[in-house]
């Protein structure tokens, strides 16, 4: 008996084609449109705060080959190692040729809040747009305005060392259906103003959950175990839980946690440097005291 | 007669057992020594930070005692980094693989710490202590950022 007849062959080909078409459609980016760009007068000071809260410099470090560029300038090009390969996050200074000087506001919003490049490709979620998606677009435009105020640096974009990158980008498009939640952040009226500010900073720009929340089988954040800690997303070591930090005696109270986040290990606190946390802590230390306290108030309330 | 042979075999067996677990015991002892050294450093910070924060008066003798305790606890440092103490083995450690792949970087991080400890030790009054301390605190953070990984 011939199992594989011409008919079944055709049917299989058809199913494969449909599958491919579905993959293509489902993996296509779903961008924001011009209607989503708010009319907004940029606030540079706010942009600077959110730039630090967002930790852009942690990943957009200047390439070691750029002579004379301080490592506080997000000129990009330094290697960022991820489990899928090495990326060289780009130059965020307003240089017209190699930076984001020529970008439109919509292009910037789509990159940061939806993970879509100006060329319409899906970006690798090493850029934590999964958290930035919850931000207020006005705040993201303020970051843009702050970046535009920096001196331009020439730092050409470097191709990532990732095999089958175009296919992976398509795969990311598919993954976005389960992995990218674009619900805007909402305040909890039952909580204090400081707690709500902290909740916004932590869950939006601060992207604390990207490391501190474990992932489910789809590699999406498992919100039922939010902040419970788990394997490090970069593949080495672990990330501690942020639940019950006060109850477990890690910090005496929210004020102690705030000073830990402000001063870090340099002032005798332990467990705030390895696995990328040192960079996060340095970025947090750039925020106004009230914002650091707000982050601590929110984190201290996690049970 | 029999008992003599039996005893011989028994001792040989014990010796063989002892030998095979000797390496393991060494690795375990190394990791425990590292942790004890680091705990002494943590204790040293607990003596110094309250003075920096203005919560306790300056006390040179207390600083010196804390430094001496850390120095004593860390004296064997150079011998604690055998291949069998790397992460990913049977033994729990917060050491990161980079210690073995970037020995020059690890040594430099240790050097920054030694230099900072020496400066604090040499400080004779409150003002010079407060000037020397920040480099010490940064040296802990600097080494941990690259060469330690959380294991909770």
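Residue numbers (our numbering), protein chains in the order written: chain A, 2 to 304; chain B, 141 to 292.
Where a beta carbon is used, it is the ideal one built from N, C-alpha and C, also for glycine.
Taking just the CA atoms, how far does residue j sit from residue i?
i	j	result
residue 197 of chain A	residue 295 of chain A	8 Å
residue 275 of chain A	residue 240 of chain B	17 Å
residue 246 of chain A	residue 176 of chain B	24 Å
residue 149 of chain A	residue 283 of chain A	22 Å
residue 21 of chain A	residue 154 of chain A	42 Å
residue 289 of chain A	residue 56 of chain A	15 Å
residue 146 of chain B	residue 222 of chain B	Because residue 146 of chain B sits at a pLDDT of 45, beneath the cut-off of 50, its placement in the model cannot be relied upon, and the following sentence gives the value as read from the coordinates. Each residue's Cα considered, the two are about 37 Å apart.
residue 35 of chain A	residue 122 of chain A	18 Å
residue 213 of chain A	residue 227 of chain A	8 Å
residue 131 of chain A	residue 203 of chain A	13 Å
residue 303 of chain A	residue 66 of chain A	43 Å
residue 271 of chain B	residue 233 of chain B	34 Å
residue 217 of chain A	residue 225 of chain A	10 Å
residue 75 of chain A	residue 193 of chain A	34 Å
residue 191 of chain A	residue 261 of chain B	52 Å
residue 211 of chain A	residue 237 of chain A	15 Å
residue 153 of chain B	residue 203 of chain B	Only weak support is given to the placement of residue 153 of chain B: the predicted model assigns it a pLDDT of 40, under 50, and the value that follows is read from those uncertain coordinates. Between residue 153 of chain B and residue 203 of chain B, the C-alpha separation is close to 50 Å.
residue 43 of chain A	residue 205 of chain A	19 Å
residue 37 of chain A	residue 188 of chain A	21 Å
For chain A, find out if any of its Cβ atoms is closer than 7 Å to the Cβ of residue i; answer yes or no.
i	result
residue 161 of chain B	Annotation note: pLDDT 47 at residue 161 of chain B (below 50); position unreliable, no value reported.
residue 228 of chain B	no
residue 291 of chain B	yes
residue 191 of chain B	no
residue 214 of chain B	no
residue 281 of chain B	yes
residue 278 of chain B	yes
residue 285 of chain B	yes
residue 174 of chain B	no
residue 185 of chain B	yes
If you measure from the beta carbon of residue i to each beta carbon in chain B, is any gap under 7 Å?
i	result
residue 194 of chain A	no
residue 275 of chain A	yes
residue 268 of chain A	yes
residue 241 of chain A	yes
residue 279 of chain A	yes
residue 245 of chain A	no
residue 238 of chain A	yes
Below 8 Å on the Cβ atoms is my guess for residue i versus residue j; work out the distance and round it to an integer in Å.
i	j	result
residue 139 of chain A	residue 41 of chain A	5 Å
residue 127 of chain A	residue 81 of chain A	6 Å
residue 282 of chain B	residue 252 of chain B	6 Å
residue 186 of chain B	residue 269 of chain A	6 Å
residue 220 of chain A	residue 176 of chain A	7 Å
residue 99 of chain A	residue 92 of chain A	5 Å
residue 192 of chain B	residue 273 of chain B	6 Å
residue 104 of chain A	residue 136 of chain A	17 Å between Cβ atoms; not a contact.
residue 180 of chain B	residue 214 of chain B	7 Å
residue 215 of chain A	residue 223 of chain A	5 Å
Report yes if the C-beta distance between residue i and residue j is below 7 Å; otherwise report no.
i	j	result
residue 229 of chain A	residue 242 of chain A	yes
residue 106 of chain A	residue 47 of chain A	no
residue 77 of chain A	residue 61 of chain A	yes
residue 278 of chain B	residue 267 of chain A	yes
residue 184 of chain B	residue 210 of chain B	yes
residue 269 of chain B	residue 238 of chain B	no
residue 290 of chain B	residue 239 of chain A	yes
residue 110 of chain A	residue 70 of chain A	no
residue 262 of chain A	residue 301 of chain A	no
residue 173 of chain B	residue 224 of chain B	no
residue 286 of chain A	residue 174 of chain A	no
residue 151 of chain A	residue 73 of chain A	no
residue 117 of chain A	residue 30 of chain A	yes
residue 147 of chain A	residue 45 of chain A	yes
residue 59 of chain A	residue 280 of chain A	yes
residue 161 of chain A	residue 88 of chain A	yes
residue 156 of chain A	residue 299 of chain A	no
Checklist line | Ordered list of alpha helix (DSSP H) runs contained in the segment 35-62 of chain A, each at least 4 residues | finding: Fully enclosed alpha helix (DSSP H) runs of 4 or longer: 45-55, 57-60.
Note to self: Runs of 4 residues minimum, wholly inside the segment 180-225 of chain B: which ones carry the alpha helix (DSSP H) assignment?
What the structure shows: Within the segment 180-225 of chain B, the complete alpha helix (DSSP H) runs of at least 4 residues are 200-213.
Next item on the list: Counting only runs of 3+ residues fully inside the segment 52-125 of chain A, write out the beta strand (DSSP E) ranges in chain order.
Entry: Under the rule that a run must span 3 or more residues, the beta strand (DSSP E) segments found entirely inside the segment 52-125 of chain A read 81-83, 86-88.
Check: At which residue ranges does the segment 137-212 of chain A contain complete alpha helix (DSSP H) runs of 4 or more residues, listed in the order of the chain?
Finding: For the alpha helix (DSSP H) assignment, the uninterrupted runs of no fewer than 4 residues enclosed by the segment 137-212 of chain A are, from N- to C-terminal side, 138-149, 166-180, 194-204.
Check: Quick one: complete alpha helix (DSSP H) runs, 4+ long, within the segment 245-280 of chain B?
Finding: Correct list: empty.
Check: Looking at chain E, which residues of the segment 47-64 of chain A have a Cβ within less than 8 Å of any of its Cβ atoms?
Finding: Of the chains in the structure shown, none is chain E; the protein chains are A and B.
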